[in-house]
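Participant: The structure that follows is given in the form of C-alpha cells.
Residue numbers (this note's numbering): 1432 to 2492.
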C-alpha cells in the first residue's frame, strides 16, 4: 500500500486494467505465479486464476478505494478510471508514505470534531505544533525507545529544545523524534552513538516531510500554516531557529563571536541593513566593510506592487521584484539561480489567493534586472474591505520575508455591465434577399444564419456605423461582405478597406475575396502589407483593399495627399477586440483619425448599429472541458498533457477532424511524436490516416521537413512558421480534405486560417516571451479564438473544446472564460508616437490640440469607466484634468527630448521638426530617432552602422524563443554583428525559426536605413551617408560590400566570378 499510489500519480496508468497490466511486469507477479503460498495466496488459486488477473484486479481495486478515501486519487468504481490529485502528486514527488498522508487527513478530521486536539494539521500552526506533526510521521515508526537513552534525551531537552514537546513525551517515538529534531536545529552535541545515528536519519527525512506538508497547506490556501512550514523546512536545512540571527548561515565568512555580538544587540535585519560599514565597525568592533558586504550575500528582493481593477470581480496585480543581494560564487555557486515563493494573502481570511515560484538567476542578480509579474485574482463583494499582502520568501535561506500591503479601500471598481443583444426569433433570411444574382452566386448555401439575419438590414440597407460582437465561427466575415455589397451597388467609384491585425488573416482574406469578388464578380482586390505594396495605379483601380493596422496607419498619416485614401467610404476592422493588446494602440489611432475626419466632413460619428451577442450564440454548440496539470516547469507539464490529449481524441473525436494548438514549433514536434508513440500500441496505428499510402508517398516526395515526413503517414499533420509555404499548403489541403485527421499547430493558426474541427485541444495556455525571458499566459481573447475553431457548421450538430492549463490557473479559466472581459486601451505608453504623427500632419498645433485629440480616443472613454487601471485616483474634475495635463506634458517632453517637435516661444505652437517628419513618414518611434541622433556620427564605418542598426528600438519586438540565447551565442562566433542581417549578406542557411525573424528584420531595415540616410544628409555627413547607401545596397543584393560584384548576379558562385574576372 505504501507505494502503490506512485503508480497512479506518475501517469503510468489511468484505469484498473492498465494497473493490472503494469503489475504483470513486476518481480512480485513472477514470484507469485511460481510460489503463491509465500505471498499469502492459496495454492489452488492458480487452477482458477492461472495468470492471477482476477487477484491483481481485486488488489488494485482495494488499493484504489483506500487511496480515494484519503484523497490521493479520484477513483470511478463504475468505469474503473483513476485520476491523480494534488495530494497524491505531492506524496509521490516527496516519496511520502501512504500512512503519513492518512495520519494528516485523520488529524484534520479529528480537528473538526475535537478542536482541542494537541497536534493536528490546521490553518494555524505554531512552531511547536509544526515540529510535533512532523515527528508523528510514519517514516519514523522504525525508531525504538531505549531505557539507556533517557538521560541523554533529557540532557538534550535542557540544552537543545527551544520549543515545548507536544504530541507525546520521551516515552513515545514521536517525542524522541521531536527532541532529536530540535537538537539538530540547535546544533547540540549528541554523546550517544545510537542517538547520533538516529538523529542523522531524522534530519534526512524531516526536511522532506516538512516540504511536503508545506506543499499540501499551500494547495489548501492556508496562509499562516504555509509560512510556518516553509520557515521550519528552511530551519531544518540550515540548522537555525527563526528567532536567531540570519547571519548564522554565513558562518563560513563571519566569526561565531561576531554573530553572537550581533544577536546580543537584538537588532532586526532591516536595522542592520540600514547601518553603514563605518557604523557597523564602530558598533561591533570589527571589520565593518566585511560585515557590510557579507550581510548582503543572503538572498532578498525588493518588491513593488500595484493593484488594478479589471472588472467588478477581477483584480490585476502588477508586481516588480528587484534582487537586492550580492551574488557570491563561493556562497551561492558559480552557476544556478535563487528561488522565491510569491504569495498573495488575504489577511482577514488567512487565505492564499495566488501563489507561484519565482526563479532569479545569477545574471539578473548581477545586473539588478527587475522581474515583472502580472496576474489576476477573483474578488467577492465581502472581500473588498479585506486587507491583502504580497509576500516574497526565499526558498532556501532563513531571512525576513518581503511583505507589501495592498488595500482595496480606495479602489474605484468598474460597474458590472453585461448588456447583450438578444438573438431574436427571426426566420432565417434566404440568400436571394440580396436581390442580385451575382452576389447570390458566390454562396453555396440557401439561408443566412440567425446572427447574419438579424444584422442584415443594418448592413445591407443602411449606411449606419455598426459594431458586431459575436463568437468565433458565427459568420462575422459574411456580415462584412454584406456591407461591401452595399458599397459596390450604391457607391461606384468608392473604396472599401479591410483591416486585419495579423498578416495570416490578411493572406486568408486575400485568397478568399479574390476568388469571390475578383474572379467571380470582376472587382479588383489588392493586398497592402509589408510583404506586398502595389503601385498607385493599382490602388486607384481597386475598390477593395486588404491591409494591416500598421500599414494603414502609415498611409492615412498623409491621407490628404493620397487620392485613393480620400475615396474610402467603408472601413472594416476585423478582430477589433485586439484593441487591448500591445498592437491595439495602432487600431485606436486609426479609429480616432477616422472619426475625426468624419466629424470634419459630416459633423457626427455615432455608432448606430450595436450588436453584442452572447458567447453562447454559436451555430454549433461547444462543450468545454478544462483540466489542470501540476508542475512549475513548462516542458514537463506539457509532457504530462500528451496522454490525456491522446485519450481525449479517442473519446470525443475518434473519426472526426481534430485541431491541437500548442505554443511553439518544438511543441508541435514533441506532441506529434508522443501521439505516434501511443498510436503504435493501438490495434490500428494508422487509424487517423484516410488516404492510400501510395498517394501519400507521392506527396511526401515534395516534403523536405523530416519530422513532417514521419508524422503524415500516421495521419498527423504539423503547421508552424518553420515549414515552407508549400509544406503548409499541403498540410492544410490534406486536413481540409479529411485525408489526415489530426493537425497540431501553433496558436497563430487560430487567427490565420479558417480550418474548423470537431474537437479542439488547447495544449497549454502559455508561451515563451523573449522580452521577459519567461513563459506568460495567452490573452483570454487568444484562448477564445482557439476554442472558436471547434465546430463545423455544415457537418457538426455539436463540438468539443478541451483546454489544458496549469492547475493553479484552472479556477480562473473556469470562472472567467465566458464572463465579459473588458477591453482596456493600450494607447497610453505609445501616445507620443501618434501625437508626433498628428503634429506632422498639421492636425495638432498646440497642447490644447493634444488634449482634444485624447478626448476622441478610446483611452479617454476608459478613463471614466475604470480610472484606477490607468493610475487615476478618483473621477473628480481636478484629478482628471491633472492626469490629462500630466500625460500631455510628458508627451511633449518626450518629443522635445527626441528632437521631433519644435515649440515656438511666442505662440507656444507645436511644429514638427525634420526628425519628427522622418519618424512619421518612415513609421518609426520617436525613441528610434533619438537613438539614431545620439549614435550616428560624421565618420561612421559600415561596421559601426551595422552595430547601430542592430540596437535600434524598433527591433525590440523581434521574438526570442526558449533556448535561443544558446544558439545565438554559437552563431555569433561565425557571423558578424547582427545575425539576421549578417546571414542575409553572407547568404547563410538559417534555422527554420529564424527565417520569419529575418524577413521581419530586413523589412524594417529599409525604413530605418532611409531615415539614417536623411539624418546624415540633413547634417551634411557625406562620408556616413555614402556608407549608408552601401549598406542599403548590401540589403537589396544580399552581399557584403567587399564581396565580388559579380556575386550579385543569380547562379554565380565565388569560383565562377573569379574565373570571369
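In this text, a Cβ means the ideal position worked out from N, Cα and C, and glycines have one as well.
Note down, in chain order, each residue of its chain lying with its Cβ closer than 6 angstroms to the Cβ of residue 2006, except the 5 sequence neighbours on either side.
Facilitator: Closer than 6 angstroms at the Cβ level, and outside the excluded window around residue 2006, lie 1932.
Participant: Considering just the uninterrupted stretch of the alpha helix (DSSP H) at residue 1662, what are its terminal residues?
Facilitator: Segment 1654-1669, the alpha helix (DSSP H) holding residue 1662.
Participant: Identify whether residue 1616 lies in helix, strand or coil by the three-state DSSP scheme.
Facilitator: It is helical.
Participant: With a threshold of 9 angstroms between beta-carbons, can residue 2289 be considered close to chain D, or not?
Facilitator: Chain labels in this structure do not include chain D; a single protein chain is all it has.
Participant: Note down, one range per segment and in chain order, each alpha helix (DSSP H) of at least 4 residues found wholly within the region 2313-2392.
Facilitator: Correct list: 2345-2352, 2357-2366, 2373-2381.
Participant: Within 10 angstroms of the Cβ of residue 1857, are there 16 or more other Cβ atoms? Answer buried if so, exposed if not.
Facilitator: Exposed is the call here.
Participant: Looking only at its own chain, which residues have a Cβ that is under 6 angstroms from the Cβ of residue 2073, when we skip the five neighbours before and after it?
Facilitator: For residue 2073, where only same-chain residues beyond five positions count, the Cβ hits under 6 angstroms are 2105.
Participant: Distance check for residue 2212 and residue 2276, CA to CA, integer angstroms please.
Facilitator: Taking the straight line from one Cα to the other gives about 38 angstroms.
Participant: If you draw a straight line from the alpha carbon of residue 2402 to that of residue 2381, how long is it in whole angstroms?
Facilitator: For residue 2402, the pLDDT reaches just 46, beneath the cut-off of 50, and the residue's location in the model is therefore unreliable, although a value from the coordinates is still provided. C-alpha separation (whole angstroms): 15 angstroms.
Participant: Determine the DSSP secondary structure at residue 1674, reduced to helix, strand or coil.
Facilitator: In this structure, residue 1674 counts as coil in the three-state DSSP scheme.
Participant: Along the alpha helix (DSSP H) that carries residue 1898, what are the first and last residues, could you check?
Facilitator: Premise fails: residue 1898 lies in the beta strand (DSSP E), 1897-1900, not in any alpha helix (DSSP H).
Participant: Measure the Cβ-Cβ separation of residue 1825 and residue 1938 and say whether it is below 9 angstroms.
Facilitator: Against a cut-off of 9 angstroms, the Cβ pair of residue 1938 and residue 1825 comes out as no contact.
Participant: Alpha carbon to alpha carbon, how far is residue 1914 from residue 2282?
Facilitator: Straight-line Cα distance between these residues: approximately 34 angstroms.
Participant: Between residue 2162 and residue 2150, how many whole angstroms is the CB-CB distance? I'm expecting something under 8 angstroms.
Facilitator: Residue 2162 to residue 2150, Cβ: 5 angstroms. Contact.
Participant: With 16 other CB atoms within 10 Å as the buried threshold, where does residue 1674 fall?
Facilitator: The residue is exposed, with fewer than 16 neighbouring Cβ atoms inside 10 Å.
Participant: On the CB-based measure, 16 or more other CB atoms within 10 Å of its CB, does residue 1982 come out buried or exposed?
Facilitator: Buried: at least 16 other Cβ atoms inside 10 Å.
Participant: As a quick exercise: from 1670, 1668, 1722, pick the residue whose alpha carbon is nearest that of residue 1693.
Facilitator: The residue with the shortest Cα to Cα distance from residue 1693 is 1722.
Participant: For residue 1599 and residue 1605, I'd like the C-alpha separation in whole angstroms.
Facilitator: Between residue 1599 and residue 1605, the C-alpha separation is close to 6 angstroms.
Participant: Spatial neighbours of residue 2369 within its chain, please: C-beta separation below 7 angstroms, excluding the five flanking residues on both sides.
Facilitator: 2452, 2454, 2455.
Participant: Under 6 angstroms Cβ to Cβ from residue 1408, same chain only, skipping five residues before and after it: list those, please.
Facilitator: For residue 1408 there is no data in the structure shown, the boundaries of the chain being 1432 and 2492.
Participant: Classify residue 1921: buried if its beta carbon has 16 or more other beta carbons within 10 angstroms, exposed otherwise.
Facilitator: By the 10 Å Cβ count, residue 1921 comes out exposed.
Participant: By the three-class DSSP mapping on this structure, what secondary structure does residue 2119 have?
Facilitator: Coil.
Participant: Residues in the same chain with beta-carbon distance under 8 angstroms from residue 2437, minus the five sequence neighbours each way, listed in chain order, please.
Facilitator: Same-chain partners within the cutoff: 2463, 2466.
Participant: Please classify residue 2491: is it buried, with 16 or more other beta-carbons within 10 angstroms of its beta-carbon, or exposed?
Facilitator: Residue 2491 should be labelled exposed.
Participant: Residue 1542 by DSSP, collapsed to three states: which one?
Facilitator: For residue 1542, the predicted structure reports a pLDDT of 43, less than 50, and the residue's modelled location is therefore unreliable. A value from the coordinates is still provided. Of the three classes helix, strand and coil, the one that applies to residue 1542 here is helix, per DSSP.
Participant: Return the CA-CA distance between residue 1661 and residue 1641, expressed in angstroms with no decimal places.
Facilitator: Cα-Cα distance, rounded: 7 angstroms.
Participant: Going by DSSP, what residues sit across from residue 1513 in a beta bridge?
Facilitator: Answer is 1506.
Participant: Between which residues of its own chain and residue 1804 is the CB-CB distance below 6 angstroms, once the five residues before and five after are set aside?
Facilitator: Cβ neighbours of residue 1804 beyond the five flanking positions: 1750.
Participant: Could you give the C-beta distance for residue 2109 and residue 2146, rounded to a whole number, given that I count them as a contact under 8 angstroms?
Facilitator: At roughly 13 angstroms, the Cβ-Cβ gap does not stay under 8 angstroms, so residue 2109 and residue 2146 are not in contact.
Participant: How about residue 1902 and residue 2219: do their beta carbons lie closer than 9 angstroms?
Facilitator: The answer is yes: Cβ separation under 9 angstroms.
Participant: Residue 2300 by DSSP, collapsed to three states: which one?
Facilitator: Reduced to three states, the DSSP call for residue 2300 is helix.
Participant: May I have the straight-line CA-CA distance separating residue 1876 from residue 1862, to the nearest angstrom?
Facilitator: Their backbone Cα atoms lie some 8 angstroms apart in a straight line.
Participant: Let me confirm a value: residue 1907 is counted as buried when at least 16 other C-beta atoms fall within 10 Å, else exposed. Which label applies?
Facilitator: Per the 10 Å Cβ criterion, buried.
Participant: Once the 5 residues before and after residue 1623 are set aside, which same chain residues still bring their CB inside 7 angstroms of it?
Facilitator: So the qualifying residues of the chain are 1580, 1583.
Participant: Could you tell me which residues DSSP pairs with residue 2221 in its beta bridges?
Facilitator: Beta-bridge pairing links residue 2221 to 2188.
Participant: May I ask which residues mark the beginning and end of the beta strand (DSSP E) holding residue 1981?
Facilitator: Segment 1980-1987 is the alpha helix (DSSP H) holding residue 1981; no beta strand (DSSP E) there.
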